[in-house]
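I have placed the structure first, in the form of structure tokens, so that the comments after it can refer back to it.
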């Protein structure tokens, strides 16, 4: 059987059945297991490993009787080859726990099909599996961000600079910032054609938003609005030459 092998875990049967139904309806999902609590989930995972067909991802409720989802998520992270974890919960306050566990996504109930499809896409990317459905639908210049349970797509044209935060990246726009689970290296590759350049191991900037470049005693920084961003020594000459070329192109004849 092709596709992702996933486990849905929820102690409320209607919610579990709804989640399993939505997962089975996704063409990227090959097999869906179900468990009503954390102990049962561990038994399913153990059997799958023993059969040589481990589960790729666990879609996990948080507030359950017995072993709750956060504790189970931490246990799963200790596996030699841990499955990807997607939390599915009615409560927003556990997002920090999800961040610490490095969960692939954090969905709020009631789960919308399009939001679940995005979570499956993230699992596919993390597991380096084909995701033809998403590839045909998602503009590489956009990033989905979660705002109070609502998914908004932020376009690269809105982003002034990006700051690495562990396995996540913080997108800074004129209206605020958004934390997304994607590496700076991935964004650098995806957005290089949109005018983004790496200036530091922790920063990616949109060249068009650079207001000033300062070099003082060998230290280089760029200013974007009121924010100063350090430029590493290895990127200083390349960035300076790029800005000079852009300035020359912008001169009137």
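Numbering (the working numbering), first residue to last: 5 to 257. Glycine included, every Cβ here is placed at the ideal spot set by N, Cα and C.
Residue 131 and residue 58 have their C-alpha atoms spaced approximately 13 Å apart. A residue is called buried when at least 16 other Cβ atoms come within 10 angstroms of its Cβ; residue 108 meets this threshold and is buried.
Bridge pairing for residue 174: 167 and 183 [DSSP].
With distances taken between CA atoms, residue 180 lies nearest to 229 out of 221, 219, 248 and 229.
Contact between residue 177 and residue 164 holds, with the beta-carbon distance rounding to 6 Å and staying under 8 Å. Residue 16 and residue 205 have their C-alpha atoms spaced approximately 45 Å apart. A distance below 6 Å between beta-carbons, with the five flanking residues on each side excluded, links residue 96 to no residue of its chain. Cβ neighbours of residue 26 within its own chain (closer than 7 Å, five residues either side excluded): 115, 117 and 120. By the neighbour-count definition (other C-beta atoms within 10 Å, threshold 16), residue 219 is an exposed residue. With a cutoff of 8 Å on beta-carbon distance, residue 78 and residue 41 are scored as not near each other. Here residue 93 is buried, its C-beta having at least 16 other C-beta atoms within 10 Å. Using a Cβ distance threshold of 8 Å, residue 81 and residue 106 count as a contacting pair.
The DSSP-derived three-state label of residue 87 is coil. In the DSSP assignment, residue 219 falls within the beta strand (DSSP E) that extends over 216-220. Our two residues, residue 190 and residue 125, have alpha carbons roughly 15 Å apart in a direct line. Note that the C-beta distance between residue 217 and residue 241 is not below 8 Å. Inclusion of residue 209 and residue 225 in the CB contact set at 8 Å is not warranted, their separation being larger than that value. Taking residue 239 as the centre and dropping the five residues before and after it, the same chain places the C-beta of 203 closer than 6 Å to its C-beta, in chain order.
Straight across, the Cα-Cα distance linking residue 66 with residue 76 is about 9 Å. Residue nearest to residue 235 within the set 211, 249 and 251 is 211 (criterion: CA-CA distance).
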